[in-house]
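Chains as they are written, first to last, in numbering that gives the first Met the number 0: chain S, 0 to 99; chain C, 0 to 635; chain Z, 0 to 342; chain G, 0 to 184. What follows is a short report on a single structure.
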Amino acid sequence: MIPLSWSLTLSAVLFGIGIIGVLVRRNALVIFMSIELMLNAANLVFVAFSRALDSVDGQVFVFFVMTVAAAEVAVGLAIIVNLFRLRETVFVDEINLLKG
Amino acid sequence: MTLPLLWIVPALPLAAVALNLLLGDRLGRRGTAWLACGAVGAAFLFALRAVVTLASLPESARVLVENAYTWMRVGEFRADVSFMLDPLSAVMVLVVTGVGFLIHVYSTGYMAHDASFRRFFLYLNLFMFAMLTLVLADNFLLMFVGWEGVGLCSYLLIGFWYERPAAGEAGKKAFVVNRIGDFGFLLGMFMLFAWCGSLNYERVFAAAPHVFPLGGAVITTATLLLFLGATGKSAQIPLYVWLPDAMEGPTPVSALIHAATMVTAGVYMLARCHVLFQLAPTTLEVVAVIGAATALFAATIGIAQNDIKRVLAYSTVSQLGYMFMACGVGAFTAGIFHLMTHAFFKALLFLGAGSVIHALSDEQDLRRMGGLSSRLPWTHATMLVATIAIAGIPPFAGFFSKDEILSAAFANGHPGVWLVGVVGAVITAFYMFRLYILCFRGPSRLSHEAEHHLHESPRSMIAPLVVLAALSIVGGWVGPPMQEGGHAFERWLRPVFASGAEAPHALPAGTEWALIAVSIVAAVAGIVVAFRLYLQKPESGTALQERFAPLQRMWLHKYWVDEFYDAIVVRPLAALAGWCWRFWDSVIVDGAVNGVGYTLEGVSALLRLFQTGFVGTYALFFALGVAALLLHFLRH
Amino acid sequence: MDALFQNPVLSTAFWAFVKIMIILNGMLGIVSYLIYAERKIAGHMQARTGPNRVGPLGLLQPIADVLKLFFKEEFIPTDANKVIFHIAPMLAVIPALVTFVIIPFGPGDALVGTDLNVGLLLFFAMSSLGVYAITLGGWASNNKYALLGGLRSSAQMISYELAMGLSTIGVLLLAGSLSLVDIVHAQARVMHLGPLAIPAWNVLFQPLAFVIFMITAFAETNRAPFDLPEAEGELIAGFHIEYSSMKFGLFFLGEFMNVISISCIAVTLFLGGWNGPGPQMLGIVWFLLKLAALLFFFIWVRWTYPRLRYDQLMNLGWKVLLPLSLANIVLTALAITLTGGNA
Amino acid sequence: MTPFLFLGFAALLVASALMVVIHRNPVTSALFLVLAFCSLAGIYLLLGAEFVGMVQIIVYAGAIMVLFLFVIMYLNLSHDVESGVQIAMRRALGWVIGALVVAEGLLLAGRRWFPGPDAHPIAPLHPGNTQAVGEALYTRYLFPFEITSILLLVAMVGVIVIGRGRGAAAPPAAPPPDLTRGGGS
């Protein structure tokens, strides 16, 4: 009923929006959210192919991606909070301690 | 059949090590002492139980093998961590755990005031684990693990007081000298594996007679290499030099490792591999000669030493020489017998010396002792027993084993070896009684301060002395000479050595009695001379010393062997290393390394421009990369 | 009209609409009378009579309350985030309503919104969305008490959701399905213990899970003794302090709808759902009776136990309920394995 | 009817994703992200992945985004300031590159994977989706599954360590953000 191509197109668009978010925003939290968008775009591809190939493996991978995302968000947010404590900013273009 | 649980025996000290490490100082001194002694005592009990099980078996089936787990399996090769108990390892395991337990108990008193009390018992227990592994192993590889393990512990314990430079140096020396021996052992092991295809004792010994022709070059080389390992571990010529220096360690260590157990590992190994050695008569000849030479050589050095522990150290080297002598003439039973009795009286001697040193506030020089017999009654009595035992006066333990060695040498057609042995026995009796007299008899030459602090040792130290003294008296009674069909000890070991077809020394009774008489006379002669020179007429002793001044000097300087090694081995090596350092390392290696560094620094100065530190920029580059990659895919 | 019933899409939509209407209006009625019941019961527990002025026995009181709420003045604090301030009360009601989709009120397709094969997961999904209403409401009000109440509630709900989810796994293991209808069917058996006929409800096999579920249900719905987000004594009403008029009413509605939905779930999971003696027709009656008993229980507890302190609440959730529910899962799995899956 | 639902959800998804990126208030962004996740869950349902769809809501909407909101509220972030020539340039560049990637992706997808309507016959929604996922997870993917649990444990420990700071040795941190001014618009 739903062609595979629809899902793939949607996923590509979603991923692109995620990339744009990462490139355009300076707020680390929003960048983080955009990364989540990209992860979800990938998940969508997994689910779509799981449907197209009639195999449950894709959904299992989505499960793993979600777990990793949860761990990543927890750690990432902790880092951002610490960063804010130290530098009083969450804007990534005000932080360049690692300049070469 | 109930399993004897062999693996528990080495596992107990190891568990104590682990507990000691984990619990740390929370144990307290008392707890540490209980833990260490308890583990070794329990190991002794388990070993005893296993040996009782073993003894209940029929003579031909007296081997217990227990596979703990398979260590590795590579193709055909397979190494197991498995343990074997046969009459030979039974003797060893009982000696090791029994004497070890007594020395542990002794150490709780001796080390009571040391700051590193816990570390000491940590090492000591680790040593027990390694030694038991060595003794109980059922293949060469596991034995080598134990072999290296005891070497490591020996190193750690010699350098136990690492803040003393001499101790550190001595530890290093022991380690390096032992490495040479281990190298030989390792090569010998490789050869055995290459020819026999296994490292398991049973298989190697079963295969050996078929693989190696009697007296062939291969087996001679292999056994010589193994013997090189034994000379390193058991301090024989030419690798004996580390043992006297090892006296820098705490005295209980000298007693346990450098007298009773570890240094006998070489003898044990020889006895274990007697099947191989009997296939190589040349090697046996070498063993006998080196044993005899070491026995005499070390004994003469012992005459001139003034440090109480060094005298004992050279005495140990000399007695080990006797054991190798026995093995060399094919009397493995006698060697092991002497090993056992020696473990008793030499441990006792060291512990007694430790008691003296302890009483005199760390005084070790014989010239500043004397007249201690009344002040240290227990120590004196037990030391006297040990001295008589080592001198070879019946019915003390040393007499039986030494006499057996000598008569075996005579009977098996080595009169020269026998003669050296007898001379060595005279000298042994002499220097041992010299030590005894200088220490306990005659006028007191103590410094005022030592006199002031003089005290008999605590009960925890005296008790092991008494037990060992008792053993030094009765220990030899299991092997009285002139028994029809061999004595009890021989019968016990027969399952092990029977396969080797040991030549029975069938001497006529008259000859045997004569030999016994000779060895008693030799011992008495040595004792009498010692009493005359050092107690009754000290002035004549001095005169004698002046007359033979060069000899005296030579002995005092230990034949200048250390200097000799220094000149031909150490200095050239140091020079080579120095050249390598100055030219090869400083110029070429450093140049290359620095060159790489400079190059990279230059390149990275350029690349650094890209590292802005802003995440956004990186993301931008990243996205550009993705775009480019997608473009690449689009073009195909 | 015939055309309507012949087109499958349209007929599905029609029946869905009918069901939605019934549930929505039914719930509104039940909630308003639940509030009345609460006041009445509370009154009797405190030796008062409760509302008794409006209508006979005060039965018209709810209508008066609703009318009053409608006519109150809307008040929006300065510097409040207006959009979110408006959205928050809706978020309180919507997830609670969605939950009713999956609840089987009685046997047959007509009495269940839709028999989803992941029904229970939907319930958890909706209850996890319920956090937003309180958090956002508290944050958007631009008031420190409100914010504190909001943060407290999110922490509380996230913490207790874990124990709640884990406590239901025992039931799932027994039924082998996430569909609520299947779970009810799994409890249809009747065991005979001598002359006694005992219904095989899950509460008998999973007593620990039932206790944990009920405790967490109180926490999830922010009811006493876990009503810290509101905490009249400390936070002067917590997250909805700035809300008035019908927005306040929506929060109130949401809370009571949550109580009802969670009670429905409890009935379904543990108390046999519509199963009961008598013909199938009586199923819905049994369901409503059990539901009423649980609702009474909710009110009873509220007026019996004092409020927990915040650290006690967290300790209970993480250190008692969570390990217990894990232990329950292990024990259940063990029992099922040992008995070969026919417990 | 399913295609229409799909299109509806997709439109909602794209719109809310765009709002996440565009809107300047982080709280609003986060809420739109929740909406995006919910629509994605709807799409999963349409694609026959009920379990994943529900877990998507429980995990993403119920847990992850709540965490985001927590942090935003804790740090008391209001509107992002996005002004200045440099920032504007970077924004423009970002849009261009992003659009480029999207266009390329679509082109690529169009060439390789757009064979028209779904080639496979639509398998009926077999009722045991959850069961199938569970079986795969606990049999073939058991090892990764266990590894994942360890990952979660490590993350937990890491977060606690990071969150605690360096204990007493921590430099005097900025005064804790003023929670009372929450929701300033």
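Glycine included, C-beta positions come from ideal geometry on N, C-alpha and C.
May I have the straight-line CA-CA distance separating residue i from residue j, to the nearest angstrom?
i	j	result
A118(G)	G75(S)	Confidence in A118(G) is poor, its pLDDT being 47 and thus under 50, which makes the residue's placement unreliable; the coordinate value appears in the next sentence. Going by the C-alpha atoms only, they are around 41 Å apart.
L434(C)	Y313(C)	12 Å
M125(Z)	G93(G)	37 Å
S6(S)	W285(Z)	46 Å
L323(Z)	Q311(Z)	16 Å
F621(C)	A14(G)	25 Å
A10(G)	M64(G)	21 Å
G412(C)	A60(C)	33 Å
G49(S)	I42(G)	The question names Gly, but residue 49(S) is Ser in the sequence shown. The straight-line gap from Cα to Cα measures roughly 13 Å.
I30(S)	S243(Z)	37 Å
Y144(Z)	K246(Z)	18 Å
A79(Z)	G49(Z)	37 Å
S178(Z)	A102(G)	43 Å
Excluding sequence positions up to five away, which residues of its chain have a Cβ less than 6 Å from the Cβ of residue i?
i	result
A208(Z)	S166, G169, N327
Spatial neighbours of residue i within its chain, please: CB distance less than 7 Å, with the 5 preceding and 5 following residues excluded, ordered by chain position.
i	result
I83(Z)	L135, A139
G17(S)	S33, I34, L36, M37, A40
G601(C)	none
R72(C)	none
L146(Z)	G137, W138
How would you call residue i, buried or exposed, if buried means at least 16 neighbouring beta carbons within 10 angstroms?
i	result
Q58(S)	buried
A500(C)	Bear in mind that a pLDDT of 47 at A500(C), under 50, signals an unreliable position, so the number given afterwards is only what the model happens to contain. So A500(C) ends up on the exposed side.
L20(C)	exposed
L96(S)	exposed
H486(C)	buried
G612(C)	exposed
N593(C)	exposed
C37(G)	buried
A346(C)	buried
I133(Z)	buried
M280(Z)	exposed
Among the options, which one has its Cα closest to the Cα of residue i?
i	options	result
G277(Z)	G316(Z), P198(Z), I21(Z), G193(Z)	P198(Z)
G271(Z)	K289(Z), G54(Z), T77(Z), L249(Z)	K289(Z)
A114(C)	A165(C), P463(C), L101(C), D24(C)	D24(C)
Y267(C)	M130(C), L191(C), N305(C), I392(C)	M130(C)
V100(Z)	H191(Z), M20(Z), L252(Z), A196(Z)	M20(Z)
V527(C)	L543(C), T510(C), R458(C), F432(C)	F432(C)
M83(C)	T96(C), N66(C), I236(C), G97(C)	N66(C)
I264(Z)	L333(Z), Y131(Z), F251(Z), V111(Z)	V111(Z)
T98(Z)	A41(Z), N221(Z), F269(Z), T113(Z)	T113(Z)
Quick check on the DSSP output: the beta strand (DSSP E) that includes residue i runs from which residue to which?
i	result
Y32(Z)	Where Y32(Z) is concerned, there is no enclosing beta strand (DSSP E), although the alpha helix (DSSP H) it sits in stretches over 7 to 44.
S81(C)	76 to 84
I387(C)	Segment 376 to 390 is the alpha helix (DSSP H) holding I387(C); no beta strand (DSSP E) there.
Y68(C)	63 to 73
Under 7 Å, Cβ to Cβ, is there at least one residue of chain D near residue i?
i	result
A41(C)	Here chain D cannot be found, since the structure's protein chains are S, C, Z and G.
Which same chain residues, not among the five before or five after residue i, have their C-beta less than 8 Å away from its C-beta?
i	result
V262(C)	K232, S233, A234, L242, I256, T315, L319
L672(C)	With chain C running from 0 to 635 in the structure shown, residue 672(C) is simply not present.
Residue i lies in the alpha helix (DSSP H); which residues open and close that run?
i	result
I587(C)	Unbroken run through I587(C): none, as it is neither H nor E.
N128(G)	128 to 137
W160(C)	No alpha helix (DSSP H) holds W160(C); DSSP gives it neither H nor E.
E87(S)	Per DSSP, E87(S) belongs to no alpha helix (DSSP H) and is neither H nor E.
Y564(C)	560 to 564
W512(C)	508 to 530
M110(C)	Here M110(C) belongs to no alpha helix (DSSP H), and DSSP marks it neither H nor E.
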